[in-house]
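Here is the structure we will look at.
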Amino acid sequence: MISAGDFRNGVTIEVEGNIYQIIEFQHVKPGKGAAFVRTKLKNIISGGVVEKTFRPTEKCPQARIDRKDMQYLYSDGELYNFMDVESFEQIALNQDAVGDAMKFVKENEMVKMCSHNGKVFAVEPPLFVELEITETEPGFKGDTATGATKPAVVETGATVYVPLFVNQNDVIKIDTRTGEYLSRV
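Residue numbers are given in the numbering used here: position 157 of the sequence shown equals residue 245, and the series is strictly consecutive.
Here you go:
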């Protein structure tokens, strides 16, 4: 159990049968009346954000989130298949459970599975990936307006905006949280 006075960003709590992660919290002490804690909570399963207030002495059960390294094996169209590298146990997740997390992940790369009570609710890709560009328009010499970009398709099929000097078959580094180009490799 965690009291509302001890809330911190990133803590996961269980409220009314749902699991929430604290995105933002603020201790409010009005001039009149009792103090309270105003929070912004994100439902880790549905992704919805709600605002809720708590009395500082109110207690909530703290939810335990398990993160496990797993290897992405392949996609057979509708299911994404993963393997635990320690026990070699395999699990398959549908597109709803995976979301956009897999658009920058190649086969045989490691990802983190986030689960609560054995139910997987999210897949976290590596923070940075190196992918080869399979398709992009050639840049033109002298076409160097500040910050100009062009679309490029990487080997996983995702589209990334890259600077004009990047060519087809170049290997680039991408930040998977934002989907932005970082550098050539």
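Beta carbons: idealized from backbone N, C-alpha and C, even for Gly. It should be emphasised that the depicted structure is a prediction, and the values quoted were computed from it without experimental measurement.
Assigned exposure category for residue i - 16 Cβ within 10 Å defines buried
i	result
residue 158	buried
residue 108	buried
residue 137	exposed
residue 92	buried
Which residues DSSP lists as bridging residue i, in chain order
i	result
residue 219	260
residue 99	Note: residue 99 sits in no beta bridge, so no partner.
residue 239	249
residue 210	202
Coarse secondary structure for residue i, derived from DSSP in three states
i	result
residue 171	strand
residue 192	helix
residue 94	helix
Beta-carbon proximity list for residue i, same chain, < 6 Å, skipping 5 on both sides
i	result
residue 224	240 and 256
residue 259	218, 220 and 273
Close Cβ partners of residue i (< 8 Å) along its chain, the five nearest in sequence each way excluded
i	result
residue 97	110, 111, 112 and 113
7 Å CB neighbourhood of residue i in its chain, flanking five on each side removed
i	result
residue 95	110, 113, 125 and 127
Touch test, the stretch 199 to 210 against the stretch 128 to 138, Cβ-Cβ under 8 Å, three pairs minimum: Touching, per the Cβ criterion.
Does the structure place the stretch 215 to 228 close enough to the stretch 190 to 205 that three or more beta carbon pairs sit under 8 Å? Between the stretch 190 to 205 and the stretch 215 to 228 there are three or more C-beta pairs closer than 8 Å, enough to call the two in contact.
Assess contact between the stretch 92 to 112 and the stretch 134 to 151, defined as three or more Cβ pairs (one per stretch) separated by less than 8 Å. Is contact present? Counting Cβ pairs under 8 Å, three or more are found: they touch.
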